[in-house]
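Chemist:
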Amino acid sequence: MATRIREIEKNYDPTPIEDKWYSWWLKTGLFHAEVDPSKEAFSIVIPPPNVTGSLHIGHAFNNTFQDIICRYKRMAGYNVLWLPGTDHAGIATQNVVERSLAKEGISRHDLGREEFVKKVWEWKEEYGNRIIEQMKKLGNSCDWDRERFTLDEGLSKAVRTVFVRLYKKGLIYKGRYIINWCPRCHTALSDIEVEHEDVAGHLYYVKYPFVDGEGALIVATTRPETILGDVAIAVHPRAEQYKHLIGKKVRVPLTNREIPIIEDIMVDPEFGTGCVKITPAHDPNDFLVGQRHNLEQIQVIDADGFMNENALSYKGLSVMEAREHTIEDLKKQNLIEKIEEIQHSVGHCYRCHTMVEPYLSEQWFVKAKPLADAGIKAVEEGKITWIPEQWQKIYYQWMENIRDWCISRQLWWGHRIPAWTCDDCGHITVSEEDPTTCEKCGSSHIHQDEDVLDTWFSSALWPFSTLGWPDETKELKYFYPTSLLVTAFDIIFFWVARMIMMGLEFMDEEPFKEVYIHALIRDEDGQKMSKSKGNVIDPLTMIEKYGADSLRMTLAALTVQGRDVLLSANKIETYRLFMNKLWNASRFALMNLEEDCSIKPLPQKESMRLHDRWILSRTQYVINEVTKLLDGYFIGEAARLLYDFIWRDLCDWYLEMSKPALKSDEGAKRRQDTQAVVEYVFRTVLQLMHPFIPFLTEELWHIFGFSEDSIERTSWPVSSAELLSAEDDGLMSTLQEFIRITRNLRAEARVAPQQKIDRVILQTDDEKLRDIVHKNMDMISLLAKVKAVEIIGDSDEKPHGCLASVVANGEISLEVGGLLDIEAEIERLKQELQGLAKDIEKMNKKLANENFISKAPEEVVEKERIRLADNQNRYQRIRDNISSLKRS
3 MATRIREIEK
13 NYDPTPIEDK
23 WYSWWLKTGL
33 FHAEVDPSKE
43 AFSIVIPPPN
53 VTGSLHIGHA
63 FNNTFQDIIC
73 RYKRMAGYNV
83 LWLPGTDHAG
93 IATQNVVERS
103 LAKEGISRHD
113 LGREEFVKKV
123 WEWKEEYGNR
133 IIEQMKKLGN
143 SCDWDRERFT
153 LDEGLSKAVR
163 TVFVRLYKKG
173 LIYKGRYIIN
183 WCPRCHTALS
193 DIEVEHEDVA
203 GHLYYVKYPF
213 VDGEGALIVA
223 TTRPETILGD
233 VAIAVHPRAE
243 QYKHLIGKKV
253 RVPLTNREIP
263 IIEDIMVDPE
273 FGTGCVKITP
283 AHDPNDFLVG
293 QRHNLEQIQV
303 IDADGFMNEN
313 ALSYKGLSVM
323 EAREHTIEDL
333 KKQNLIEKIE
343 EIQHSVGHCY
353 RCHTMVEPYL
363 SEQWFVKAKP
373 LADAGIKAVE
383 EGKITWIPEQ
393 WQKIYYQWME
403 NIRDWCISRQ
413 LWWGHRIPAW
423 TCDDCGHITV
433 SEEDPTTCEK
443 CGSSHIHQDE
453 DVLDTWFSSA
463 LWPFSTLGWP
473 DETKELKYFY
483 PTSLLVTAFD
493 IIFFWVARMI
503 MMGLEFMDEE
513 PFKEVYIHAL
523 IRDEDGQKMS
533 KSKGNVIDPL
543 TMIEKYGADS
553 LRMTLAALTV
563 QGRDVLLSAN
573 KIETYRLFMN
583 KLWNASRFAL
593 MNLEEDCSIK
603 PLPQKESMRL
613 HDRWILSRTQ
623 YVINEVTKLL
633 DGYFIGEAAR
643 LLYDFIWRDL
653 CDWYLEMSKP
663 ALKSDEGAKR
673 RQDTQAVVEY
683 VFRTVLQLMH
693 PFIPFLTEEL
703 WHIFGFSEDS
713 IERTSWPVSS
723 AELLSAEDDG
733 LMSTLQEFIR
743 ITRNLRAEAR
753 VAPQQKIDRV
763 ILQTDDEKLR
773 DIVHKNMDMI
783 SLLAKVKAVE
793 IIGDSDEKPH
803 GCLASVVANG
813 EISLEVGGLL
823 DIEAEIERLK
833 QELQGLAKDI
843 EKMNKKLANE
853 NFISKAPEEV
863 VEKERIRLAD
873 NQNRYQRIRD
883 NISSLKRS
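When we follow the working numbering, the leftmost residue of the sequence shown carries the number 3, and every step to the right adds one.
#1: Whose CA, out of ASP882, GLU227, LYS120 and ARG642, lies closest to the CA of ILE303?
#2: According to DSSP, what are the bridge partners of PHE212?
#3: On the DSSP bridge list, what partners appear for MET781?
#4: I'd like the ranges of any alpha helix (DSSP H) spanning at least 4 consecutive residues and lying wholly in the segment 744 to 820.
#5: Considering only residues of the same chain and omitting the five flanking positions on each side of ALA78, which have a CB-CB separation below 7 Å?
#6: What would DSSP say about PRO541, mapped onto helix, strand or coil?
#7: TYR175 bridges to which residues according to DSSP?
#8: Tell me whether ASN296 is buried or exposed, calling it buried when 16 or more other Cβ atoms sit within 10 Å of its Cβ.
#9: Could you give the distance in angstroms between the alpha-carbon of GLN689 and the alpha-carbon of ILE574?
#10: Whose C-beta lies closer than 6 Å to the C-beta of PRO262 among residues of the same chain, with five residues either side of it excluded?
#11: Distance, Cα to Cα, GLY292 vs GLU298?
#12: Quick check: the segment 85 to 104 against the segment 656 to 667, are there 3 or more CB pairs under 8 Å?
#13: Touch check for the segment 694 to 703 and the segment 609 to 618: three-plus C-beta pairs under 8 Å?
#14: Using only the alpha-carbon positions, how far apart do ILE448 and GLY156 sit?
#15: Looking at C-alpha atoms only, which residue of LEU140, THR431, GLY549 and GLN335 is the closest neighbour of LYS442?
#16: What's the C-alpha gap between LEU784 and SER885?
#17: In angstroms, rounded to a whole number, what distance separates the CA positions of TRP23 and ASP15?
#18: Quick one: using the 10 Å Cβ neighbour count with 16 as the cut-off for buried, is LYS171 buried or exposed?
#19: When we look at the beta-carbon of GLU20 and count the other beta-carbons within 10 Å, is it buried (16 or more) or exposed?
#20: State the Cα-Cα distance for the pair TRP183 and ASP200, rounded to the nearest angstrom.
#21: With a threshold of 7 Å on Cβ separation, who are the neighbours of TYR645 within its own chain once the five nearest residues in sequence on each side are excluded?
#22: Out of GLY307, GLU834, ASN873 and THR576, which has the shortest C-alpha to C-alpha gap to THR189?
#23: Identify every run of the alpha helix (DSSP H) within the segment 277 to 347, keeping only runs that are complete inside it and at least 4 residues long; order them along the chain.
#24: Given this structure, state the Cα-to-Cα distance separating THR439 from LEU469, to the nearest angstrom.
#25: Going residue by residue through the segment 397 to 466, where are the continuous alpha helix (DSSP H) segments of at least 4 residues, counting only ones entirely within it?
#26: Return the bridge partner residues of SER45 from the DSSP annotation.
#27: If you follow the alpha helix (DSSP H) that HIS111 is part of, which residue opens it and which one closes it?
#28: Three or more C-beta pairs under 8 Å: does that hold for the segment 835 to 848 against the segment 862 to 878?
#29: Have a look at ILE70, LEU486 and ARG672 and flag the residue whose alpha-carbon is nearest the alpha-carbon of LEU604.
#30: Would DSSP call HIS246 helix, strand or coil?
#31: Are there three or more Cβ pairs, one per stretch, closer than 8 Å when the segment 524 to 537 is compared with the segment 577 to 592?
#32: Under the assumption that PRO50 contacts TRP464 (Cβ atoms under 8 Å), give the Cβ distance between them as a whole number of angstroms.
#33: Please say whether LEU747 and ILE793 have beta carbons closer to each other than 8 Å?
#34: So the alpha helix (DSSP H) LEU140 belongs to, where does it begin and stop?
#35: Please confirm whether LEU113 and LYS121 have their CB atoms less than 8 Å apart.
#36: Between ILE494 and ILE396, which are expected to be in contact by the criterion C-beta below 8 Å, what is the C-beta distance as a whole number of angstroms?
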């Protein structure tokens, strides 16, 4: 049987508590999920972090969100699987290991492919799983028994199966195509792996001399170093000024080659002179023009980013060196018309940030449009819900304009492409098993393609490959499709869209029912976090300093759907204080409860006081609201509601009001009744808070002795309609307002916090207000430090020399003659009045401004109106107080 610990440490120390409970959760199998048809499944696959990485604040935010939902769903009765794992991260991991080898003076080519891959596996085993341990420190309730890696044997089997089936269906092909090429990483990049940034550059206006006469055609270009690869000049079909030139020829500057002038709709008539040089081997748009017009493809830049033999005298120069030399030579031959300074977008590798080169090479591609069409239809039919909804439009835009996906990468680390070329007949054999002979001619002289697949190819299969596909496993049947995907907006195209396409193609069902796209974590000034700015917040440092629960609660409470999170260490420290508040409140409760842990029935309503009935009613409201908010994935609103309820309603009001009863000042029966209410509220609070702060709530759950099992194995609280009372809420609100106003009057009169004042005067004819004050005089005395409340009628004359304030249906007055300097107080109030008058004038002008009313969000305008009304009321009260003080 569970036991209650009635005395606990004064100070809350998260580190030993968090280490203790996470080990216990793993030991007891709390997070493990088995197939159970009697229960409704709820499944999430984690966005697999790279094995090269360590936990950053984006991971912490993403993981905290998922963990809150998973823990809530377990308590709500679902059979929850949160499936974890990591990604092999081809380019990133290979780069890390290559840099490590370089320190020893070794390159991957020195080792050879097989030995290098062994080295990468060794690195992965030593360092690659550190992020998993860091995720555990955060409190992730993943089923670690089912942890997967994108190069696992099972996932590799899935990758091969998908490749072969797509190839046989004609959706994978090999072709010579213009691709994004990273000269540093020596690999192709898909369009979305290229990061574009605006940089300062130049627009060069170059003269292309006519072959059959005098003069030249002026062509603007940002890349004069590729002129030697030009095969045509294009103009727009509607460019009337160039109609007479179509079919004529010009000479390529710095060469004797002649090229035609053609027309093509690709040309932007507004760019430069309206004439564009066509270089199919070095520009994706030019490549398409070249295909349409059957133009030659001349490469002048090699795979290392240097000029090749086709660049003539510029051979061996880097791209930037060749640009400088080309400009010098063009100037010498008087072939430069002018040079303009411009800002233009330049692509860089998303991994190493080297400038990307459009490069003509033979690569493997997925025909994306047929797959994308199915993905569009699934969302249109409501099979996948996007939260917030605006991301659905972004998804549609990309899917509707999708280009074929280049899936081959010139790396050694990754899933090697399962294609073998015959040295004798040239046929390509694509197979799930390694073939020994060519399937066409039977020759044994075959060799496997050297390239590996894009990392995102295996990640696209994650929701079903991790559950055992292509085998028909019971887990796949039960947990697929998954329930929810939580991810960042920057990988909608990399990952989310591709998972949808692959899930529909191979499972004939969407991979998840809902997609929650969270925003960025920024610093408190709204700046993007970066090491160069020095504003990065390390979650591991924050966990070490404040505890995982404090970080989790901060991230949760700052969340608003569709808005970036502005984070600072100070905010985490604030929520660390909240942990202390809950700890100290629990400590107070435990000191005033009996050792008996059995659940006591709540007292009858008639034997409870107003504040007892009120806290029980508020608890029911909070249960309903938090449940509704979590069901809608409004974790920020849920966290903030719980924070306010615990800090304000429970600690600041109810526990203070319960002290006399708990001390037996109100008799033995009242003590027992109050103890039952306290136990009920704390048991419910710990359950509601558990998804957000699992470590502290588990610790307190066992200290209270509510059960020997985990709090997470208890049922999510269900509200009681009998305990919900709008009437009691209203009565308590009136009492709270009376106490707050009395406290404010004390503060204005400079009364010391612990000094009891003899009386306040309530002027009212409202019987309900009189009754509330009469029945709760002891609470008013306790919380407002007032010995007595004198109640007079509306027609009665109140004493002069009072500070007064309005309460609903009445007025509260405090005699201040013996408490402060009347003349000095009148002067202070006059100065405050002047300040208020200025504020009111500004607000009136603002609300009279048509621009503000029409352009500002409705909630901002309404907030301004409320502020104005409050200030106007305050202004009138101060005037009344001045009048009263003058009469003293």
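Backbone N, C-alpha and C fix where the C-beta goes; we use that ideal spot for every residue, glycine too.
Modeler: The relevant details are as follows:
#1: GLU227
#2: VAL252
#3: Looking at the DSSP assignment, MET781 forms no beta bridge with any residue, so it has no partner.
#4: 769 to 777 and 779 to 786
#5: TRP718
#6: helix
#7: PHE367
#8: exposed
#9: 22 Å
#10: ALA234 and LYS251
#11: 7 Å
#12: no
#13: no
#14: 26 Å
#15: THR431
#16: 31 Å
#17: 13 Å
#18: exposed
#19: buried
#20: 19 Å
#21: ALA559 and PHE580
#22: GLY307
#23: 286 to 295 and 321 to 334
#24: 33 Å
#25: 457 to 461
#26: LEU83
#27: 110 to 113
#28: yes
#29: ARG672
#30: helix
#31: no
#32: 7 Å
#33: no
#34: 132 to 140
#35: yes
#36: 6 Å
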